[in-house]
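Presented below is the structure to which this report refers.
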């Protein structure tokens, strides 16, 4: 069964450094998402992406964040200058289309900013 | 925009007892509804979904949920839980006219022996 994959599984970085989190969505999916979950808290929507552009973003998704689909398979989240409060689990998700198609989630990348 | 409220942040229950995890949503349009489960140190896994038709939907691991439009609820139930059901459960809603999903705060189900 096809799955969403994410790399790396864990990343430790220094405050102010740039990080890139990578995701490979399910191959025939068209909609892509990033979510964040701070330890012990709810899953928070960051951004949705369709047809090579952002379709919606939350208040969390400020100028420090960007997303890209550099080729036909990868979907990346870049944090330009990490802050301590960016420490969280980041989940990528994809879905095939509309009509109630569910989102399928990757296993997540645990980011720790020191 | 849509929103989801999960009324219980934690639900402790003994093994083999029934359980209900509550979820209410708010939306001005028709919605799709989902329950996801997150086991410790893992990602979110789809449990079940309501798109249309029968208001009682069955999912994996013996879970079911009932859509109640008048009460704007989508409560998750299982008649007899196992230790292995210990996890975080998230209710989610997606409006039919957009592609985005919003999650509730989650309910931590702890099944005790």
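Protein chains in written order, with the working numbering: chain C, 71 to 184; chain L, -15 to 97. Even glycine gets a Cβ: it sits at the ideal position worked out from N, Cα and C.
Going by DSSP, residue 90 of chain C is part of the beta strand (DSSP E) stretching over 89 to 94. Per the Cβ contact rule, the segment 37 to 49 of chain L is not in contact with the segment 154 to 164 of chain C (fewer than 3 Cβ pairs under 8 Å).
In this structure residue 93 of chain L is in contact with residue -5 of chain L, their Cβ atoms being roughly 5 Å apart against a cut-off of 8 Å.
Exposed is the label assigned to residue -2 of chain L, since fewer than 16 other Cβ atoms lie within 10 Å of its Cβ. With respect to the 8 Å criterion, residue 74 of chain C and residue 166 of chain C are not classified as neighbours on the basis of their beta carbons. When Cβ-Cβ separations below 8 Å define contact, residue 72 of chain C makes no contact with chain L. Look at residue 100 of chain C here: in three-state DSSP terms it is coil, with no helix or strand label. Residue pairing by DSSP places residue 77 of chain C opposite C:92 in a beta bridge. The beta carbon of residue 113 of chain C lies closer than 6 Å to those of 105 and 107 in the same chain, with the five residues before and after it left out. Between residue 116 of chain C and residue 128 of chain C, the gap from beta carbon to beta carbon is short of 8 Å. When C-beta distances to chain C are compared with 7 Å, every residue of the segment -9 to 4 of chain L stays at or above that value. For residue 60 of chain L, not one C-beta of chain C is nearer than 8 Å to its own C-beta.
Counting only Cβ-Cβ distances below 7 Å, residue 89 of chain L has contacts in chain C at 112, in chain order. Contact between the segment -15 to -7 of chain L and the segment 34 to 42 of chain L is absent: fewer than three C-beta pairs spanning the two stretches fall below 8 Å. When 8 Å is used as the limit between beta carbons, residue 177 of chain C is near these residues of chain L: 26 and 27, in chain order.
125 and 126: these are the residues of the segment 122 to 134 of chain C whose beta carbon lies less than 9 Å from some beta carbon of chain L, given in chain order.
Contact holds between the segment 59 to 74 of chain L and the segment 12 to 21 of chain L, because three or more Cβ pairs, one in each stretch, are under 8 Å apart.
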